[in-house]
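Engineer: If you number the sequence shown the way UniProt numbering does, the last residue is 259 and the count never jumps.
In this text, a Cβ means the ideal position worked out from N, Cα and C, and glycines have one as well.
Every value quoted in this text rests on a predicted model; they were computed, and no experiment measured them.
Just dropping this structure here.
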Amino acid sequence: SGRVAGKAALITGAAGGLGEAMARMMAREGAKLALTDIDGDRVQALADSINADHPDTAFAYAHDVTDEGDWMRVVANSARDMGGISVLVNNAGIGGQLVFAEQDTLENWRKVQSVNLESVMLGCKHALPHLKAAPMASIINISSIAGLAAAPGMGAYNATKAAVWLYTKTVALECAKAGGTVRANSVHPVFIKTPILDPFIAMAGGQEDMAHEKLARGIPLKRIGEPDDVAYCVLYLASDESKFVTGAEFKIDGGLTA
Ligand code: NAD
Numbered sequence: 002s003g004r005v006a007g008k009a010a011l012i013t014g015a016a017g018g019l020g021e022a023m024a025r026m027m028a029r030e031g032a033k034l035a036l037t038d039i040d041g042d043r044v045q046a047l048a049d050s051i052n053a054d055h056p057d058t059a060f061a062y063a064h065d066v067t068d069e070g071d072w073m074r075v076v077a078n079s080a081r082d083m084g085g086i087s088v089l090v091n092n093a094g095i096g097g098q099l100v101f102a103e104q105d106t107l108e109n110w111r112k113v114q115s116v117n118l119e120s121v122m123l124g125c126k127h128a129l130p131h132l133k134a135a136p137m138a139s140i141i142n143i144s145s146i147a148g149l150a151a152a153p154g155m156g157a158y159n160a161t162k163a164a165v166w167l168y169t170k171t172v173a174l175e176c177a178k179a180g181g182t183v184r185a186n187s188v189h190p191v192f193i194k195t196p197i198l199d200p201f202i203a204m205a206g207g208q209e210d211m212a213h214e215k216l217a218r219g220i221p222l223k224r225i226g227e228p229d230d231v232a233y234c235v236l237y238l239a240s241d242e243s244k245f246v247t248g249a250e251f252k253i254d255g256g257l258t259a
């Protein structure tokens, strides 16, 4: 334990799914946490649950990642409550509609872009002054395997996740130029068991096991992922163990794109 002791991590979209797994793992490994989500009640409940095991570790904030004013408030309050920010995990994201190009809508694109992509720019922009003030800091942007490989019906999601992949490298190079104390990397999970897979379960007539099995078919390791499969990678990137790693992408995909 203690792999991220002394770190102060802001995690967006932390109320459930991958964000919750990251938060629980980083709490066990000694970090302070600013947990944010558009669902303020759920993220407060998670912070309370973490604090029951690790007192004075987690703070919760209601936060719409598409809103710049929200970012300014949440970053200032997180830095005040944790005594700084040394890790930013841009995790909040939505799947958008499964729809082919001819049926797609501007409304779908704009929604997916604002939650998955503009949020990442706003988070980096407003957290960077605090990250630069830390001795060593890390930005971790949660993209997707869908940011590196296309899938029919996922145009808006593919485009935003690919943009997050390259934008992360831009930020990594800028931070390297500014002195190298802040690193930036992207993480690219394949299907992981979280509520974001609900549309696939609905397509399988509500049968969760059948849906998971179907999604696992193309994956060489013959299963879909668990939230901790991603959280372990995020833990490494948040810690100083990864201090020579920046501008890189990490595929958590069971061999899918090998
Ligand atoms: P999830 O739906 O469980 O979690 C997403 C969280 O983001 C939710 O708690 C939701 O309330 C929050 N959120 C949504 N819109 C928001 C907004 N405007 N402002 C703030 N918070 C908002 O899904 P997840 O699987 O845990 O997704 C986390 C990240 O992982 C996403 O970026 C997703 O694209 C990515 N991802 C997931 C998978 C997967 O299969 N689960 C695969 C690849 C990438």
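The alpha helix (DSSP H) with His-131 in it runs from where to where?
Structural biologist: For this step, residue 131 is matched to residue 130 along the sequence shown. First-last of the alpha helix (DSSP H) with His-131: 120-134.
Engineer: Determine contact between the region 118-126 and the region 217-224, defined as no fewer than three beta-carbon pairs at a distance below 8 Å.
Structural biologist: The region 118-126 vs the region 217-224: no contact.
Engineer: Excluding the 5 residues preceding and the 5 following Glu-69 in the sequence, name in chain order all residues of the same chain whose CB lies nearer than 6 Å to its CB.
Structural biologist: The residue you call residue 69 lines up with position 68 of the sequence shown. So the list reads Leu-123, once near-sequence residues are dropped.
Engineer: Please confirm whether any heavy atom of the ligand NAD lies closer than 7 Å to the CB of Ile-220.
Structural biologist: As a first step, residue 220 must be located in the sequence shown, where it is residue number 219. For the ligand NAD, not one heavy atom lies less than 7 Å from the Cβ of Ile-220.
Engineer: Applying the criterion that 16 or more other CB atoms from any shown protein chain within 10 Å of the CB defines a buried residue, is Gly-219 buried or exposed?
Structural biologist: Taking the sequence shown and counting its residues from 1, one reaches residue 219 at position 218. So Gly-219 ends up on the exposed side.
Engineer: Can the beta-carbon of Asp-254 be found less than 8 Å from the beta-carbon of His-189?
Structural biologist: Position 253 of the sequence shown holds residue 254. Position 188 of the sequence shown holds residue 189. Contact flag set, yes.
Engineer: Let me confirm a value: Thr-171 is counted as buried when at least 16 other C-beta atoms fall within 10 Å, else exposed. Which label applies?
Structural biologist: The sequence position of residue 171 within the sequence shown is 170, counting from 1. Under this definition Thr-171 is an exposed residue.
Engineer: Give the single residue among Leu-236, Gln-45, Lys-112 and Lys-194 whose Cα lies nearest to the Cα of Gly-31.
Structural biologist: Position 30 of the sequence shown, counting from 1, holds the residue named residue 31. With distances taken between Cα atoms, Gly-31 lies closest to Leu-236.
Engineer: Quick check: the Cα distance between Thr-37 and Gly-206, rounded to an integer number of angstroms?
Structural biologist: Your numbering for residue 37 matches position 36 in the sequence shown. Your numbering for residue 206 matches position 205 in the sequence shown. Those two C-alpha atoms are separated by around 32 Å.
Engineer: Going by DSSP, what residues sit across from Arg-184 in a beta bridge?
Structural biologist: For the purposes of this step, residue 184 is taken as the residue at position 183 of the sequence shown. According to DSSP, Arg-184 bridges with Ser-139.
Engineer: Going by DSSP in three states, Asp-38 sits in which element: helix, strand or coil?
Structural biologist: Sequence index remark: in the sequence shown, residue 38 carries index 37 (1-based). DSSP places Asp-38 in strand when its eight states are reduced to three.
Engineer: In three-state terms, what does DSSP make of Val-66?
Structural biologist: In the sequence shown, residue 66 corresponds to position 65, counting from 1. Residue state, collapsed to three classes: coil.
Engineer: Using only the heavy atoms of the ligand NAD, determine whether one of them is closer than 7 Å to the beta carbon of Ser-145.
Structural biologist: Residue 145 sits at position 144 when you count from the first residue of the sequence shown. Yes, the beta carbon of Ser-145 sits closer than 7 Å to at least one heavy atom of the ligand NAD.
Engineer: Would you mind sorting Ser-145 into buried or exposed? The rule is 16 or more other CB atoms within 10 Å of its CB.
Structural biologist: The count along the sequence shown starts at 1 and reaches residue 145 at position 144. Buried: at least 16 other Cβ atoms inside 10 Å.
Engineer: In chain order, what residues of the same chain have a beta carbon less than 6 Å from the beta carbon of Val-76, not counting five sequence neighbours either side?
Structural biologist: Here residue 76 corresponds to residue number 75 of the sequence shown, with the count starting at 1. Only His-127 and Ala-128 meet the Cβ criterion.
Engineer: In angstroms with no decimal places, state the Cα-to-Cα distance between Arg-81 and Asn-186.
Structural biologist: On the sequence shown, position 80 is the one that residue 81 refers to. On the sequence shown, position 185 is the one that residue 186 refers to. So the alpha carbons of these two residues sit roughly 25 Å apart.
Engineer: I'd like to know if the region 129-148 and the region 85-95 are in contact, where contact means that at least 3 CB-CB pairs between them fall below 8 Å.
Structural biologist: Touching, yes, given that three or more Cβ pairs across the two stretches are closer than 8 Å.
Engineer: Tell me the residue span of the beta strand (DSSP E) that contains Leu-11.
Structural biologist: Here residue 11 is taken as the residue at index 10 of the sequence shown, counted from 1. Counting along the chain, the beta strand (DSSP E) containing Leu-11 begins and ends at 9-12.
Engineer: Verify the contact flag: Phe-201, CB atom, against every heavy atom of the ligand SAH, threshold strictly below 7 Å.
Structural biologist: Ligands displayed in this structure: the ligand NAD; the ligand SAH is not among them.
Engineer: What are the boundary residues of the alpha helix (DSSP H) that includes Leu-198?
Structural biologist: Taking the first residue of the sequence shown as 1, we reach residue 198 at position 197. Segment: none, Leu-198 is in no alpha helix (DSSP H) and carries neither H nor E.
Engineer: In whole angstroms, what is the alpha-carbon distance linking Met-73 and Glu-214?
Structural biologist: Start at 1 with the first residue of the sequence shown, and residue 73 comes out as number 72. Start at 1 with the first residue of the sequence shown, and residue 214 comes out as number 213. Distance between the alpha carbons of Met-73 and Glu-214: 42 Å.
Engineer: Would you tell me roughly how many angstroms separate the C-alpha atoms of Leu-11 and Gly-156, rounded to the nearest one?
Structural biologist: Within the sequence shown, the letter at position 10 stands for residue 11. Within the sequence shown, the letter at position 155 stands for residue 156. One C-alpha to the other measures close to 29 Å.
Engineer: On the DSSP bridge assignment, give the partners of Gly-226 in chain order.
Structural biologist: Taking the first residue of the sequence shown as position 1, residue 226 is located at position 225. Partner(s): Ile-193.
Engineer: Just to check my reading of the structure: Lys-244 and Met-137 have Cβ atoms closer than 8 Å, yes? What is that Cβ distance to the nearest angstrom?
Structural biologist: On the sequence shown, position 243 is the one that residue 244 refers to. On the sequence shown, position 136 is the one that residue 137 refers to. Confirmed, about 6 Å.
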